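Have a look at the structure below, then the notes.
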Amino acid sequence: MEYKGVWTIAEAHEGDLKAVSFELLSRGRKLADELEEELVSVLIGGKVKEERVKELIQRGADRVILVEDPLLDRFIVETYSKVLIDLIDKKKPEIILSAATVNGRTLMPHVAMRIHAGLTADCTELGIEETTRNLLQTRPAIGGNILATIKSPDSRPQMATVRPKSSRPLELDESREGVVERIEFSRDLYDDRVKHLETISGGEEDINIQESDIVVSGGKGMKKIDNFKMLSDLAHAMGGVVGASRDAVDRGWARYPQQVGLSGKTVTPNVYFAIGISGAIQHLAGMKTAETIIAINTDEDATIFQVSDFGIVGDLFDVLPLLTQKLAKEVK
Amino acid sequence: MNIIVPIKQVPETSNVKMDTETGTMMRDGVESIINPLDLYAIEIAIQVKESHGGRVTVVTMGPPSADKALREALAMGCDDGVLISDRKFAGADTWSTAYVLVKAIEKIGAVDLIIAGERATDGDTGQVGPNIASAMDLPLATYVSRIDAVTGTSITVERMTEEGYEKLRLPLPALLTVVKEISYPRLPTLRGKQRARKTDIPTYSVADLDVVENHLGLTGSPTRVVKIETPKVTRGGKIYKVVDDHSLEEAVDGLIEFMKKKEII
Ligand SMILES: Cc1cc2nc3c(=O)[nH]c(=O)nc-3n(C[C@H](O)[C@H](O)[C@H](O)COP(=O)(O)OP(=O)(O)OC[C@H]3O[C@@H](n4cnc5c(N)ncnc54)[C@H](O)[C@@H]3O)c2cc1C
Ligand SMILES: Nc1ncnc2c1ncn2[C@@H]1O[C@H](COP(=O)(O)O)[C@@H](O)[C@H]1O
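Here's what the structure looks like:
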């Protein structure tokens, strides 16, 4: 049987779908159109709201493959991997895309290993090679210093994880129609070795810096933990969240999940604020792909200004209060 | 408790400067170091050994010079090192790397726990850990930020997710990949360094491992790099300089204008 069709892996969380599920569909739509093949959204999970499942079709999918079962409510990689491999065996997709989230980056290598498929991590661009119809996968490597384009010429399916926020979901089109194909979860795929004991919420809403459109990050220039309040004020005024450099995290001014960079998270928001951050390459590795970068720093030679779309050479303790004050008037 | 920590040697990039003209990394005299994220795996492995007994074995697949990375890990307090080195392994992608590591781990013998780094800072994929767990059918927890409890038969961990954390219990043997939050790596001691120098580190080559040759190196790797580009870092945005109250006012107004134009606000 020939390998055909483009699959994207939807991610469920507490009965809802994560935004990345829809971002992947806009990537997948382009590839499927170019290949003139079907775009399928695969959803493995517990019960997900009907209208959200429908939304997968309204935002680009031709088909939704739904494997729903209470036993699949939590992401347990051993079971999810078996379910996905079972689907791949039966339906032979040509391309599988998942989000480069903690779960996507766990599931995909688990699957790829067993089926001996090529897998490219954390891609920021995808395309089809004209002559061969192979998937071309482009990703930053070596701390963002190079962009590598990778393909898997001989193995199928071609698998890739895609950086969250690196594409926007398609507009909702209520007239779009498609098929929802329910596949029963066969219990012999259930692996119960790993037990989920508890979910501990991050506490502050600020933790999920990868899913926010606006990230306001502070570095050593913030001087002390109390000053981070200025960042959350600014962030909240615009509906954003607070990130940090490693120096700020190491000093205990912010928490590790907020760290942006080589040894922290990679973010691709609409707007990234670097405030009191020098722009070391390890920091740039985590934010260079942001749509717009705004920097505030006293040192006009700071590297961060080289990657900025807008920079203010000045004392953040002068700039921030005035900015927050003026912004409050604007957004009102 | 037999613990194996797979580590990778990577180019040291912390002092690397960018050539702002060409946007490339200036690599002159770049040294090789242990993947910084693997230090957290080494540290937590030593801590588990210290409280539960056993041995920590570090393994690396790489050129003969990767011996240095293993000795550094021994100096920190690991007990044994294994170097996996052969020209035939060169050019391996994550699939083939994991394949060879699995064969080497099987040769090392009974293992209770494998602890890998979150990802290597050069290839930056984070795939090798999950690959190994998959091939060996070991229970897997990725992005582990805390070990809550270890018994003779299970390990309870906290795993970092986008939403916070989740607590998992895995039966042993199991594989973890760990994030920076889990530990603070210790420095090598003088005694450790002396011991590391004297430790015998075996090298496994293709002949020592039960491997299928066409799964090795470039041949065994499903992925191919077709192109490498060095993206320009410079964006050349507008810069305002604040020298007094007036220029401060101007800069902030300029920023607000900019954000309006970009439809940020
Ligand atoms: C293996 C490895 C991994 C790493 N991973 C990461 C990572 O994931 N993320 C990360 O961020 N770093 C990482 N680093 C560290 C990185 O090299 C830098 O040390 C770090 O990013 C610096 O943080 P910073 O910009 O906050 O501090 P600094 O470099 O000290 O910069 C502070 C800046 O604040 C400015 N400033 C001071 N006062 C004011 C003021 N009043 N108003 C305005 N500006 C002011 C200064 O001019 C300066 O530019 C890593 C390093 C290594 C070796
Ligand atoms: N060549 C290698 N030898 C030993 N361990 C490796 C090797 N490559 C990767 N690893 C391990 O796998 C982790 C993830 O690496 P990567 O998938 O390359 O990002 C690293 O942190 C190491 O623990």
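Those sequence lines, one after another, are chains A and B.
My numbering applies: residue 1 is where the first sequence begins, and numbers increase by one.
My numbering applies: residue 333 is where the second sequence begins, and numbers increase by one.
Think of the CB as a built atom: it goes at the ideal place given N, C-alpha and C, for glycine as much as any other residue.
Every value quoted in this text rests on a predicted model; they were computed, and no experiment measured them.
Three-state secondary structure assigned by DSSP to residue i
| i | result |
| --- | --- |
| tyrosine 190 of chain A | coil |
| serine 98 of chain A | strand |
| aspartate 206 of chain A | Residue confidence for aspartate 206 of chain A is low, a pLDDT of 48 falling below 50, so the modelled location carries little weight; the figure read from the coordinates is stated next. Reduced to three states, the DSSP call for aspartate 206 of chain A is helix. |
| aspartate 444 of chain B | coil |
| glycine 355 of chain B | Reliability fails at glycine 355 of chain B, whose pLDDT of 48 lies under 50, so the model's placement of it is uncertain and the value that follows must be treated cautiously. In the structure shown, glycine 355 of chain B sits in coil (DSSP, three-state: anything other than H, G, I, E or B). |
| aspartate 577 of chain B | helix |
| methionine 492 of chain B | strand |
| proline 164 of chain A | coil |
| histidine 196 of chain A | strand |
| isoleucine 588 of chain B | helix |
| alanine 374 of chain A | Because chain A in this structure spans residues 1 to 332, residue 374 of chain A falls outside the shown range and cannot be described. |
| isoleucine 376 of chain B | helix |
| alanine 539 of chain B | helix |
| valine 331 of chain A | helix |
| glutamate 181 of chain A | strand |
| alanine 405 of chain B | helix |
| isoleucine 339 of chain B | coil |
| phenylalanine 258 of chain A | The displayed chain sequence assigns glutamine, not phenylalanine, to residue 258 of chain A. Reduced to three states, the DSSP call for glutamine 258 of chain A is helix. |
| tyrosine 431 of chain B | helix |
| threonine 555 of chain B | coil |
| threonine 453 of chain B | coil |
Any non-hydrogen atom of ligand 2 closer than 7 Å to residue i Cβ
| i | result |
| --- | --- |
| arginine 105 of chain A | no |
| arginine 451 of chain B | yes |
| threonine 426 of chain B | yes |
| alanine 448 of chain B | yes |
| leucine 402 of chain B | no |
| alanine 377 of chain B | no |
| glycine 423 of chain B | no |
| methionine 113 of chain A | no |
| proline 338 of chain B | yes |
| threonine 429 of chain B | yes |
| aspartate 456 of chain B | yes |
| threonine 531 of chain B | no |
| methionine 492 of chain B | no |
| methionine 393 of chain B | yes |
| glutamine 459 of chain B | yes |
| leucine 433 of chain B | yes |
Residue i vs residue j beta-carbon contact at 8 Å
| i | j | result |
| --- | --- | --- |
| tyrosine 3 of chain A | threonine 79 of chain A | no |
| valine 432 of chain B | methionine 393 of chain B | yes |
| glycine 60 of chain A | isoleucine 281 of chain A | no |
| arginine 251 of chain A | glycine 264 of chain A | no |
| arginine 105 of chain A | threonine 161 of chain A | yes |
| leucine 587 of chain B | isoleucine 294 of chain A | yes |
| valine 319 of chain A | lysine 573 of chain B | no |
| leucine 322 of chain A | leucine 580 of chain B | yes |
| tyrosine 256 of chain A | glutamate 513 of chain B | yes |
| glycine 28 of chain A | proline 93 of chain A | no |
| alanine 405 of chain B | isoleucine 446 of chain B | no |
| alanine 302 of chain A | glycine 279 of chain A | yes |
| aspartate 444 of chain B | isoleucine 335 of chain B | yes |
| isoleucine 9 of chain A | leucine 71 of chain A | no |
Nearest-angstrom Cβ-Cβ length linking residue i and residue j, presumed shorter than 8 Å
| i | j | result |
| --- | --- | --- |
| leucine 119 of chain A | glutamine 459 of chain B | 6 Å |
| threonine 324 of chain A | alanine 290 of chain A | Incorrect: roughly 21 Å between the Cβ atoms, too far for contact. |
| glycine 423 of chain B | serine 537 of chain B | About 16 Å; that fails the 8 Å criterion. |
| alanine 274 of chain A | tryptophan 427 of chain B | Actually they do not touch by this definition, with Cβ atoms about 37 Å apart. |
| glutamine 258 of chain A | alanine 237 of chain A | With 8 Å as the limit, glutamine 258 of chain A and alanine 237 of chain A do not qualify as a contact, their Cβ atoms being about 18 Å apart. |
| proline 164 of chain A | leucine 25 of chain A | With 8 Å as the limit, proline 164 of chain A and leucine 25 of chain A do not qualify as a contact, their Cβ atoms being about 13 Å apart. |
| alanine 436 of chain B | asparagine 463 of chain B | Not confirmed; about 14 Å, so no contact. |
| leucine 500 of chain B | valine 48 of chain A | About 22 Å; that fails the 8 Å criterion. |
| serine 364 of chain B | glutamine 341 of chain B | 5 Å |
heavy atom of ligand 1 below 7 Å from residue i C-beta
| i | result |
| --- | --- |
| asparagine 227 of chain A | no |
| asparagine 145 of chain A | no |
| isoleucine 44 of chain A | no |
| phenylalanine 317 of chain A | yes |
| isoleucine 277 of chain A | yes |
| threonine 324 of chain A | no |
| arginine 255 of chain A | no |
| leucine 262 of chain A | yes |
| aspartate 122 of chain A | no |
| alanine 280 of chain A | yes |
Check: residue i C-beta below 7 Å from any heavy atom of ligand 3
| i | result |
| --- | --- |
| aspartate 370 of chain B | Ligand 3 is absent from the structure shown, which contains only ligand 1 and ligand 2. |
Interface partners of residue i on chain C, CB under 7 Å
| i | result |
| --- | --- |
| glycine 458 of chain B | The structure shown contains no chain C; the protein chains it does contain are A and B. |
Where are the beta strand (DSSP E) runs, 3 residues long or more, that stay fully inside the segment 57-102 of chain A, in chain order? Fully enclosed beta strand (DSSP E) runs of 3 or longer: 63-68, 95-99.
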